[in-house]
Structure formats: structure tokens, C-alpha cells
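Please read the structure below before turning to the comments.
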Amino acid sequence: MKKLLKPFQYGALALTLLFAVSCNNDDDNNDITEPPVEELSIYETAVATDDLSSLVAALEASGLDTTLDGEGDFTVFAPTNAAFEPVLTALGVSSPAEIDPATLEAVLTYHVIASNRIASSQIANEQSVATVNGESLIFLVGDNVQIIDGTNDLTTVTNADIAASNGVIHIVDKVMFPADIADALEIGRTSIADVAEAAGFTSLLAAAEAAGLSEVLDSPLTDVTVFAPTNDAFAAFLEANNFASVDEIPVDVLQNVLLNHAVMGSVLSGDIQKGYVNTLGAYPTDDVENPAFLSMYLKNDAGVQINGGPDNGGANVVTTTPGETFDIETDNGVIHVVDAVIALPTIATFAVADADNFSELTGALVAEGQSDFVGVLSDPANENAPFTVFAPVNAAFEALTSAPTAEELTAILSHHVVAGANVRSTDLEEGDNPVTTLNGDITVTLPPTQGGIADITDGSGETGSVIVVDVQAINGVVHAIDKVLIPAQ
């Protein structure tokens, strides 16, 4: 059964209704209303924003303040005060008002899209949009929105979608330039390609053009360290390989050679440490998820040396003029000048270059009575290539209790080499991985039990550790181990 409302509840309800009706009646009879909040124009918004005072000065000096204070639908990319600072410094002025008004207008209109309010969510990746200037901007969409301007420089939207009465504002971290204005002002981005051209690296640029890599050297998305051979280095390379010009080199080979001179990221010479890094060159593989980038061995004892220096297919970092820096910094990376074209490294390249680890192995390979191991491991065209070499470090050879005979040494060295396979660490599975060498089987086991990267058990049943993996050459791969492998007797 439903319960009836108690008398005082009826009274409370009646008072509530009466108050509500009374308020509605008051609203109907009240001539005083709160005015709606007026949205500021794009110009007014800039004036009200401390970090856009340089932009305001530029707008007022060019006369565009009136346009962006009036009616319309504009999208404006607004550089901050910090974005204007390097531009003013480069032009030798203290205020945008000191810049020629026509030039200023051309630059500012390059930041404006007319008759369209474009929200950041509406921007598509690699979309090209014409500005009021007549030139276009190219947009890149990822974690944030970035813009490529006429100088191929990259600008980032740092604060998007600020609404105004006559459009929308996106704050950006750089002043953008159309190409013609940047050229006239001699201002803008300096890429690896720009610096190479200015420094006269004509052979490098010609090779990059022939290999289809020019855009990589000029791209704002690039961040690489390039070891750039001099023109003399290229001339010596062409002569040694019987090429009249870079145009005679097969494109895929030339491309791989050039990419073998580049390392991801901007690395200054003082930050280079002894050891292996990956270049952008690659051993050919169909595994796109695990590319086999070619390795590079670097030393920085008395200057930076690459892959053991020119006599070993490598190079030395040099300066073209006494007193110059070894580090030529650009907007998309760092250039180090080298005195030779770096050859695509072979397994033998690394054995010789990394003497601190492999001098004992190199000595064993060339010992009296041995097969031509070095010749085989130096030849990418060998019929048995690629090779996988488990390379004992010097301490492993020093731990041998007795010196093997020439015949025993041949058997031992063959027990470290796999023919016809480029076995990388990513090819191994958890558990025991049997591997067939030129002289019997070994086993590589994951996970390790002895503190290395993997365990390795030889034909005699003794176990050591794999301590360095995936030193990639053009004719195979090297894994360093802490034990000399002994085949079964």
C-alpha cells in the first residue's frame, strides 16, 4: 500500500513550487540582463598574450593588425617571442618593426590561412595547405602537429586551438619562411645538404643524387651523423674500383655504401666511444621487422678512427682546414669529414679493426699452416657466404693451457664458423639452439646461466658465454664469446 505524504511534506512541496514560479515571474519582468561574454579577435587575443608581444609588434608594423582584428575566418600560426629572437638576431634588428614592411607582410601572411578555421583535429598527415602568401605549408601529424615551411625547416605547434571571434590560433615555436624570402634574407634552416654544398663536397652530393638519397640529407625529419668523404676520397674510391663516375656504380650498391656512412642521431666527436654502432647500411634480408644494419667499429684514442682506418677499408675523421672543428653541426644532424670512402665491412674487417678483442683470433687465422680463413672471410662473393662466426676474445685464447698444433688449430677455428647462414640473435629461440659449424655441432642456449647474453656449448661439452652479439658485416655476422670452442675428439 502506498504511503500518503505527511502534512508538513505537502507544505514544503507547495513552498518550493511557489518559489520556483515566483522566480520565473521575476525573470519575465526584469529588463536587466547579463551581457554575453564577447570573444576576442585574433589580434586582441595576441595583445592579451604576453608571449606574443613580438607578433603583435610585427602585425602592427605590417598593417595586418587591422585585418586580424576585423571580421573573417582565419587560421593563424602564431610564433612566440622566443621564436622571433633568432630571426631578429640574424637580421641584426631589435624589433620586428625595424624589418622592411613588405618583407614582414610576406612572412606574416605565410602564417595565415584565409576563409577557413582549421582545428588541429582537422589536419591530415602530409596535407598541403595554401597560405595568404600564396605559398603552401605541409603538415605532419603524430604526437603533435608539425609544419614544414619553404626552407624545409620543421616547426611544432605547441598550443593548439585557441578560439577567437574571427578564427583560430595555433601557437608555434618558430617563425616560418617561404623559400624566396628566406633566400633573399639569407636566413633559414641549414641542413646537411646545405653545409655539404657550401663546403664543396660535390662528390658526396653527386653520389647522394645518383643513389636517390638527396632528400635524406635535406629532410627536417632526418637526425643523423654523417661521415662525409672528401672529393679526393671519392676520386680514390672510384679509381680503385674502376668506375669513371658514381653513375657507373649500381644504384643499390651505391645507396648501401652511402648509408654505411650514416649513424642515427647527432653524435659529436667528443662523445664517440670505443665500440660498435649500427649504420644505416644493411645486410640484405627479407626480415623487415628485424633489419640487419651494418656495424661500424669506432675508436677515439688519438682521433676518431672508423673500422681500423683507410688501410682496413675504414677511415679517419679529419679537418679540411687546420684549426677547424671535427664537428660540423647542422639543423638535421652532424657532419664529420673523413679521409676515405668507408667500404662495406666484412667479417675480416672487424677482426682486424677490433684488435683489443680479436688480435689473438686474427693471429690464429693467419698462423702458419692454416687455410686462407682471412681470404674467405674477406670476400662477400665467396660461394659459401654468408658466414656466422663465434669469435673468441683475446682472454679466451690466453686461457688455453697449451698451444694447439697447426692441424688442431684448423679444426678449432673451423668449429667457430657457420657457412651459408647469417644467424643473428633474433633468430634464436628460448632453449637449446643446435648450430652446425664447419667442424661439428655447437649449442647456443637461452636464457643464459653464466651471466652472458647466451650460453654456448662446444663439441667437447664445455660451456662458455656469448658476450657480444650481432656485429653485422656485409658477408655475415660475428658474435664474441669468452671461450675457445673445442670440437669433439
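Numbering-wise, the sequence shown is residues -25 to -1, 1 to 464 according to mature numbering (1 follows the signal peptide of the UniProt record, and there is no 0).
The beta-carbon is built from N, C-alpha and C at its ideal position, and this holds for glycine as well.
Source: prediction; values computed, not measured.
**Prompt:** How close, in whole Å, do the beta carbons of L179 and P204 come, if the pair is a contact with beta carbons under 8 Å?
**Reply:** Separation of the CB atoms of L179 and P204 is rounded to 6 Å, and the pair is thereby assigned contact status at 8 Å.
**Request:** Could you tell me whether the stretch 285 to 293 touches the stretch 311 to 321, using the rule of 3 or more Cβ pairs below 8 Å?
**Result:** In short, these stretches touch, since the Cβ pair count reaches three.
**Request:** Identify the continuous alpha helix (DSSP H) that holds F152 and give its terminal residues.
**Result:** DSSP places F152 in no alpha helix (DSSP H); its state is neither H nor E.
**Asked** In three-state DSSP terms, what is V228?
**Response** In the three-state DSSP reduction, V228 falls in the helix class (H, G or I).
**Message:** Which of the three DSSP states is assigned to residue 507 in this structure?
**Reply:** Any answer about residue 507 is impossible in this case: the structure gives the chain only from -25 up to 464.
**Asked** With distances taken from CA atoms, which of A381, F365, N357 is nearest E343?
**Response** Closest option to E343, Cα to Cα, is A381.
**Whole runs of the beta strand (DSSP E) within the stretch 214 to 282, excluding any shorter than 3 residues** = Every beta strand (DSSP E) stretch that sits fully inside the stretch 214 to 282 and reaches 3 residues is listed by chain position as 237 to 239, 250 to 258, 267 to 275, 279 to 281.
**Request:** Following the continuous alpha helix (DSSP H) through D445, name the residue where it begins and the one where it ends.
**Result:** That residue, D445, is in no alpha helix (DSSP H); its beta strand (DSSP E) goes 438 to 448.
**Asked** Counting pairs of beta carbons, one from the stretch 134 to 154 and one from the stretch 91 to 99, are three or more of them closer than 8 Å?
**Response** Taking 8 Å as the limit for Cβ pairs, the verdict is that the stretch 91 to 99 does touch the stretch 134 to 154.
**Request:** Using three-state DSSP, classify Q425 as helix, strand or coil.
**Result:** Under the three-state reduction of DSSP output, Q425 falls in the coil class, being neither helix nor strand.
**Prompt:** What are the boundary residues of the alpha helix (DSSP H) that includes V31?
**Reply:** Judged by DSSP secondary structure, V31 falls within the alpha helix (DSSP H) whose first and last residues are 28 to 37.
**Message:** What I want to know is whether the C-beta of T420 ends up closer than 6 Å to one or more non-hydrogen atoms of the ligand NAP.
**Reply:** Summarising the ligand content, the structure contains no ligands, and the ligand NAP is consequently not present.
**Asked** In angstroms, rounded to a whole number, what distance separates the CA positions of I387 and M271?
**Response** In a straight line, the C-alpha of I387 is about 27 Å away from that of M271.
**Request:** Let me know the secondary structure DSSP gives residue 533 once reduced to three states.
**Result:** Not covered by the structure: residue 533. The range shown for the chain is -25 to 464.
**Request:** Within 10 angstroms of the Cβ of E80, are there 16 or more other Cβ atoms? Answer buried if so, exposed if not.
**Result:** Around the Cβ of E80, a 10 Å sphere holds 16 or more other Cβ atoms; the residue is buried.
**Prompt:** What do you reckon, are the CB atoms on residue 485 and A32 nearer than 7 Å?
**Reply:** The chain is shown from -25 up to 464; residue 485 falls before or after that span and cannot be answered.
**For D198 and D302, the rounded distance between their alpha carbons** = Taking the CA atoms as reference points, D302 sits about 15 Å from D198.
**Contacts around K149, its chain only, beta-carbon distance under 7 Å, and the 5 residues preceding and following it disregarded** = In the same chain as K149, and ignoring 5 residues on each side of it, the C-beta atoms closer than 7 Å to its own belong to P54, A58, D128, T130, in chain order.
**Alpha-carbon to alpha-carbon, I113 and Q102** = Each residue's Cα considered, the two are about 6 Å apart.
**Rounded Cβ spacing between N307 and P153 (contact assumed at less than 8 Å)** = So it is not a contact: roughly 20 Å between Cβ atoms.
**Request:** Tell me whether P204 sits in a helix, a strand or coil according to DSSP, three-state version.
**Result:** For P204, the secondary structure class from DSSP, reduced to helix, strand or coil, is strand.
**Prompt:** Since N134 is in the beta strand (DSSP E), which residue starts that stretch and which ends it?
**Reply:** Looking at the DSSP string, the run of the beta strand (DSSP E) that includes N134 is 129 to 139.
**Request:** For V351, name the three-state secondary structure that DSSP assigns.
**Result:** Reduced to three states, the DSSP call for V351 is helix.
**Item:** Proximity to I417 [Cα-Cα], best of P423, D430, G45, G240
**Value:** Residue D430 is the option with its Cα nearest to I417.
**Asked** Going by the beta-carbon positions, is the gap between V201 and T305 smaller than 7 Å?
**Response** No; because the gap between Cβ atoms is not below 7 Å, this pair is not in contact.
**Message:** Here's the rule: buried if 16 or more other CB atoms are within 10 angstroms of the residue's CB, otherwise exposed. What is K274?
**Reply:** Result: buried.
**Prompt:** Taking Cβ positions, are A36 and L30 nearer each other than 7 Å?
**Reply:** If you check the CB distance, A36 and L30 do not come in under 7 Å.
**Item:** Minimum C-alpha distance to A383 - residue among T50, F365, Q345, N357
**Value:** Correcting the residue identity first, residue 383 is Glu in this sequence and not Ala. Among T50, F365, Q345, N357, the Cα nearest to that of E383 belongs to Q345.
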